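Asks: For the sequence shown, the positions run 1 to 552 when full-length UniProt numbering is used.
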Amino acid sequence: VLYLPLTMHNPVTISKKACFVLQAEVFPYPEIGNDELEEIKQLVAPVEKFFSDDVDSAKIDREATIPPETLQGLKDLGLFGIMIPEEYGGLGLSNTIYARLNEIIALDGSIAVTLAAHQAIGLKGILIAGNEAQKQKYLPKLASGEHIAAFCLTEPGSGSDAASIQTRATLSEDGKHYLINGSKIWISNGGMADIMTVFARTEVEVDGVKKDKISAFIVERAFGGITSGKPEDKLGIRGSNTCELSFDNVPVPVENVIGEIGGGFKIAMNILNSGRFSMGSSCAGMIKKLIELTSEYATTRKQFNKSLSEFGMIQEKFAMMALNAFVMESMAYLTSGMMDRPGIPDCSLEAAMVKVFSSEGGWICVSEALQVLGGLGYTKNYPFERFVRDCRILPIFEGTNEILRMYIALTGMQYAGKILTGKIKEMKKGNIGLAIGMVSKKLRASLGASVDLGLTGKDGVVHPSLETIVDEQLVLKRVADVLIHIYAMTAVLSRASRSISIGLRNHDHEVCTLCAHSYNSPENNDANIKKIAKQVLENRAYICSHPLERTY
Numbered sequence: 001v002l003y004l005p006l007t008m009h010n011p012v013t014i015s016k017k018a019c020f021v022l023q024a025e026v027f028p029y030p031e032i033g034n035d036e037l038e039e040i041k042q043l044v045a046p047v048e049k050f051f052s053d054d055v056d057s058a059k060i061d062r063e064a065t066i067p068p069e070t071l072q073g074l075k076d077l078g079l080f081g082i083m084i085p086e087e088y089g090g091l092g093l094s095n096t097i098y099a100r101l102n103e104i105i106a107l108d109g110s111i112a113v114t115l116a117a118h119q120a121i122g123l124k125g126i127l128i129a130g131n132e133a134q135k136q137k138y139l140p141k142l143a144s145g146e147h148i149a150a151f152c153l154t155e156p157g158s159g160s161d162a163a164s165i166q167t168r169a170t171l172s173e174d175g176k177h178y179l180i181n182g183s184k185i186w187i188s189n190g191g192m193a194d195i196m197t198v199f200a201r202t203e204v205e206v207d208g209v210k211k212d213k214i215s216a217f218i219v220e221r222a223f224g225g226i227t228s229g230k231p232e233d234k235l236g237i238r239g240s241n242t243c244e245l246s247f248d249n250v251p252v253p254v255e256n257v258i259g260e261i262g263g264g265f266k267i268a269m270n271i272l273n274s275g276r277f278s279m280g281s282s283c284a285g286m287i288k289k290l291i292e293l294t295s296e297y298a299t300t301r302k303q304f305n306k307s308l309s310e311f312g313m314i315q316e317k318f319a320m321m322a323l324n325a326f327v328m329e330s331m332a333y334l335t336s337g338m339m340d341r342p343g344i345p346d347c348s349l350e351a352a353m354v355k356v357f358s359s360e361g362g363w364i365c366v367s368e369a370l371q372v373l374g375g376l377g378y379t380k381n382y383p384f385e386r387f388v389r390d391c392r393i394l395p396i397f398e399g400t401n402e403i404l405r406m407y408i409a410l411t412g413m414q415y416a417g418k419i420l421t422g423k424i425k426e427m428k429k430g431n432i433g434l435a436i437g438m439v440s441k442k443l444r445a446s447l448g449a450s451v452d453l454g455l456t457g458k459d460g461v462v463h464p465s466l467e468t469i470v471d472e473q474l475v476l477k478r479v480a481d482v483l484i485h486i487y488a489m490t491a492v493l494s495r496a497s498r499s500i501s502i503g504l505r506n507h508d509h510e511v512c513t514l515c516a517h518s519y520n521s522p523e524n525n526d527a528n529i530k531k532i533a534k535q536v537l538e539n540r541a542y543i544c545s546h547p548l549e550r551t552y
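Written out as C-alpha cells, the structure reads:
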C-alpha cells in the first residue's frame, strides 16, 4: 500500500492493486553502483565545461545553425555515441547516465534536438532491431559522429497517424533492392544526415493474400535519389536542422531491411517509446538553470522598497519551479533505473508519463521565469525568451501530448482489464468495462466522492463492450492525468524516502517539496511554498541533492 499525504486532514491510502503500481519496482528508489557513480563524475565535468566555455547559444539561435567547431567538440566528447555499445565504438552508457548528461545538453535546445534526433531515434532502430552485420557496418561511424543519423517517419498526410504513411518501397525485378519513393517532412537532421531510418509501405503476402505493411530500412544518402528541402525557419530550436526529404527511386539493398519486412510499425513505436524518459532530466536541468538566473535578479531588483524575492507571488513562482524540477528529476531517474534493470523491461508507459508531465511543466516554468523579469525577460538581451521559444516544441514532438494521453489511459485500462477480469467472477472473459468501473470506484473511495473521472454511467459502470471509449477523449484525458500524477507522487515519495534513509543533504527540503506536490490544490499550502522559496532564494539555486549524488 502506498501512503500518499494528498491532504493535510485526510491522508489516503491507495492500494497498489488499484493503481497497478508494483511496490518492488519503485521502492527503494533506484541506486547506481560506486563504479558507475565515478564514471558519471568523470563524464559530467568535461561536458559541463564545454557547454559553459564553448557553446554560444545566442549565436546558434541567431544564425540558425550549429557551428562546425561546436559539432566537432560534441563528437570529440563522444556525445554522438552515448548509447552505442563500446564494441561498436560508442560509450555504451546506461539510460541513467544518458539522462544525467541530458541535463547539461538541454541547456541548448538546438544541440539537444540534434543529438537526440541522431541517437535517441535516428540510429535506435539499428541498435534495437538491427542484425549483427548492420551494427558492424553502421554503428562505428555513427558513434564517432563521422556519420549523422535521422529518423524518417512523418509525411505530409500522416503526422500522429503514423500507420497512414504513403511512402512506398517496391522490390526490384532482380530481388536485390527495394526502390523507395515518397517524401518525409519535419525531419530533424534531415539536411545533414548520412544515414536514415526510413519507414515505407511494402507488399507482404499473408496467408496467400497480398497486404500493405510498413517496413523499416537503413538508407544511405550515398545511395542517390535523395533530395533535401530548404531548412525550416522555426520558432525555436532554430539551430537544429529540420527539413523535408524526397525519395525518388532510391535503391536500398535488401540487406538493409531492419528486422522483418512488414515489421516496421512496431519498430517505429519501440524507437519512439524508448527515448521519451530523458525529457524529464532535460527539463529539470533547464529549470535549475532558470532558477539560478532568475533568483539573481529577484534578490537584487527592488520595487516598493522591497526585493522582488520578498513578495509572496514571486516566492510562489520559485517554489513552483523548484517543485517541478524535483518531480521531473524524480520521475526521470526512477524510470531510467527501471529501464536499466536486467532484461528488456517495457517502460513505455512510464516514459510517456514522464514526457507529458515534464514538457508541460517545463513550458509553465519558462513562462514564469520570464514573468519574474517582466519586460527585460521579453527582450533578446536575456536568454529567457529563447528558452520560451525552444521549450514550446516539447509538448509536440516525440508524440504529441494529446496522443500520449490517449496511449497512457488506454494502456492503463487494458492492463486493468487483464488483471481484474481474471479475478472477479462476475466479469465475462475479456470484458474490461466492469474492471474500469471498479478501478473508478476504488479511486473515488480513496480520493473522495467529489472526484468524477467520467468513467461511469447511471448504472455505475462503463458499458461492457467499451466500444466507444477510444472516442471519449475528455474521459481518457482525465484518466491519463490521474495516472500521471499518481506516478509522479510515487516517484517523489520513493526518492524522498531514500534521501532520508541515507542522509542526503537537504533531505528535509525534499520532504517539504514532496508535501507541496502531494497536497490537493484546495489546501492552504502557503507554509510549504514560503519555506521552499526561502531556501531556494537564499541559495540562489535549486538545492535538492541530485539522486545520483552518492550511494549508500
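The beta-carbon is built from N, C-alpha and C at its ideal position, and this holds for glycine as well.
Small disclaimer: the values here were computed from a predicted structure and weren't measured.
Is the beta carbon of Thr65 closer than 7 Å to that of Gly239?
Replies: What you label residue 239 is simply residue 239 of the sequence shown in a count that begins at 1. What you label residue 65 is simply residue 65 of the sequence shown in a count that begins at 1. Cβ distance < 7 Å, so Gly239 and Thr65 count as in contact.
Asks: How far does the beta strand (DSSP E) with Asn181 in it extend, from its first residue to its last?
Replies: Counting from one through the sequence shown, the residue named residue 181 turns up at place 181. Element bounds for Asn181: His177 to Ser188.
Asks: Cβ of Phe265 versus every heavy atom of the ligand SAM: is any distance shorter than 6 Å?
Replies: For the ligand SAM, the structure offers nothing, since it holds no ligand at all.
Asks: Mind checking which residues open and close the beta strand (DSSP E) that includes Val219?
Replies: Residue 219 sits at position 219 when you count from the first residue of the sequence shown. Counting along the chain, the beta strand (DSSP E) containing Val219 begins and ends at Val209 to Glu220.
Asks: Would you report the Cα separation of Val356 and Val209, rounded to the nearest angstrom?
Replies: Working through the sequence shown from its first residue, we reach residue 356 at position 356. Working through the sequence shown from its first residue, we reach residue 209 at position 209. The straight-line gap from Cα to Cα measures roughly 40 Å.
Asks: Mapping DSSP to helix, strand and coil, what is Asp174?
Replies: Taking the first residue of the sequence shown as position 1, residue 174 is located at position 174. Of the three classes helix, strand and coil, the one that applies to Asp174 here is coil, per DSSP.
Asks: Of the choices Pro342, Ser348 and Pro395, whose alpha-carbon is the least far from that of Ile364?
Replies: Taking the sequence shown and counting its residues from 1, one reaches residue 364 at position 364. Of the candidates Pro342, Ser348 and Pro395, the one whose C-alpha sits nearest the C-alpha of Ile364 is Pro395.
Asks: I'd like to confirm the pairing. Which residues does DSSP put opposite Tyr306 in its beta bridges?
Replies: The residue you call residue 306 lines up with position 306 of the sequence shown. It is Lys, not Tyr, that sits at residue 306 in the sequence shown. Answer by DSSP bridge pairing, in chain order: Gln303.
Asks: Can you tell me whether His9 is buried or exposed, with buried defined as 16 or more other CB within 10 angstroms of its CB?
Replies: Position 9 of the sequence shown, counted from the first residue, corresponds to residue 9. Reliability fails at His9, whose pLDDT of 38 lies under 50, so the model's placement of it is uncertain and no value is given.
Asks: Contact defined as beta carbons within less than 8 Å: I believe Gly142 pairs with Leu123. What is the distance between those atoms, to the nearest angstrom?
Replies: Residue 142 sits at position 142 when you count from the first residue of the sequence shown. Residue 123 sits at position 123 when you count from the first residue of the sequence shown. A small correction: the amino acid at residue 142 is Leu; Gly does not occupy that position in the sequence shown. Confirmed, about 5 Å.
Asks: Where does the unbroken beta strand (DSSP E) through Leu245 begin, and where does it stop?
Replies: For the purposes of this step, residue 245 is identified with residue 245 of the sequence shown, where counting begins at 1. Its beta strand (DSSP E) spans residues Thr242 to Pro253.
Asks: Whether or not the region 167–187 and the region 127–141 are in contact is what I'm after, with contact meaning three or more pairs of Cβ atoms, one per stretch, closer than 8 Å; do they touch?
Replies: Because the criterion of three Cβ pairs below 8 Å is not met, the region 127–141 and the region 167–187 do not touch.
Asks: Are there 16 or more other CB atoms within 10 angstroms of the CB of residue 554, so buried, or fewer, so exposed?
Replies: For the chain, the structure presents residues 1 to 552; residue 554 sits outside this window and is missing.
Asks: What does Cys365 pair with, by DSSP beta-bridge criteria?
Replies: Along the sequence shown, read from residue 1 onward, the residue named residue 365 stands at position 365. According to DSSP, which records beta bridges pairwise, Cys365 is partnered with nothing at all.
Asks: Classify Arg478 as helix, strand or coil using the three-state DSSP reduction.
Replies: Mapped onto the sequence shown, residue 478 falls at position 478. Helix at Arg478.
Asks: Please go through the same chain and pick out, in chain order, the residues whose beta-carbon is closer than 8 Å to the beta-carbon of Leu537, but skip the five residues on each side of it.
Replies: In the sequence shown, counting from the first residue as 1, residue 537 sits at position 537. The answer, listed in chain order, is Ser295, Ala298, Thr299, Ser309, Gln315 and Phe318.
Asks: According to DSSP, is Glu205 helix, strand or coil?
Replies: Numbered from 1 along the sequence shown, position 205 holds the residue referred to as residue 205. It is a strand residue.
Asks: Report the CB separation of Leu483 from Met406 in whole angstroms; it is logged as a contact under 8 Å.
Replies: Within the sequence shown, the letter at position 483 stands for residue 483. Within the sequence shown, the letter at position 406 stands for residue 406. Contact flag wrong, Cβ pair sits at about 12 Å.
Asks: If you run the structure through DSSP and keep just helix, strand and coil, what is Phe80?
Replies: For the purposes of this step, residue 80 is taken as the residue at position 80 of the sequence shown. If DSSP states are grouped into helix, strand and coil, Phe80 belongs with coil.
Asks: Please classify Arg540 as buried or exposed, where buried requires at least 16 other C-beta atoms within 10 Å of its C-beta.
Replies: Walking along the sequence shown from the start, residue 540 turns up at place 540. Buried, because 16 or more other Cβ atoms sit within 10 Å of the Cβ of Arg540.
Asks: Can you check which of these residues, Ala162, Tyr542, Pro28 and Leu43, is closest to Arg505 by C-alpha distance?
Replies: Here residue 505 is taken as the residue at index 505 of the sequence shown, counted from 1. For the residues Ala162, Tyr542, Pro28 and Leu43, the minimum Cα distance to Arg505 belongs to Tyr542.
Asks: How is Arg498 classed by DSSP in three states: helix, strand or coil?
Replies: The count along the sequence shown starts at 1 and reaches residue 498 at position 498. Looking at Arg498 - three-state DSSP - the assignment turns out to be helix.
Asks: Would you mind working out which of Tyr88, Lys534 and Pro46 sits nearest residue 602, comparing C-alpha positions?
Replies: Beyond the ends of the chain as shown, which are 1 and 552, falls residue 602; an answer cannot be given.
Asks: Can you tell me whether DSSP reads Ala200 as helix, strand or coil?
Replies: Numbered from 1 along the sequence shown, position 200 holds the residue referred to as residue 200. Residue state, collapsed to three classes: strand.
Asks: Touch check for the region 161–172 and the region 98–109: three-plus C-beta pairs under 8 Å?
Replies: They do not touch, by the three-pair rule.
Asks: Starting from Ile226 and walking both ways along the beta strand (DSSP E), at which residues does that stretch end?
Replies: Residue mapping note: residue 226 aligns to position 226 of the sequence shown, counting from 1. Segment Ile226 to Ser228, the beta strand (DSSP E) holding Ile226.
Asks: Closer than 6 Å by C-beta to Ile60: which residues in its own chain qualify, once you throw out the five before and the five after it? Chain order, please.
Replies: Taking the sequence shown and counting its residues from 1, one reaches residue 60 at position 60. Closer than 6 Å at Cβ, skipping near neighbours: Ile66, Ser110 and Gly239.
Asks: Which residue's Cα is closest to the Cα of Met320: Val26, Ile532 and Asp35?
Replies: Position 320 of the sequence shown, counted from the first residue, corresponds to residue 320. If we check each option's Cα against that of Met320, Ile532 comes out closest.
Asks: Could you give the C-beta distance for Ser348 and Asn273, rounded to a whole number, given that I count them as a contact under 8 Å?
Replies: Counted from its first residue, the sequence shown places residue 348 at position 348. Counted from its first residue, the sequence shown places residue 273 at position 273. About 4 Å; that satisfies the 8 Å criterion.
Asks: Let me confirm a value: Met331 is counted as buried when at least 16 other C-beta atoms fall within 10 Å, else exposed. Which label applies?
Replies: Start at 1 with the first residue of the sequence shown, and residue 331 comes out as number 331. Buried.
Asks: Just verifying my parser: in three-state terms, what is the DSSP assignment at Val257?
Replies: As a working note, residue 257 is residue 257 in the sequence shown. Looking at Val257 - three-state DSSP - the assignment turns out to be strand.
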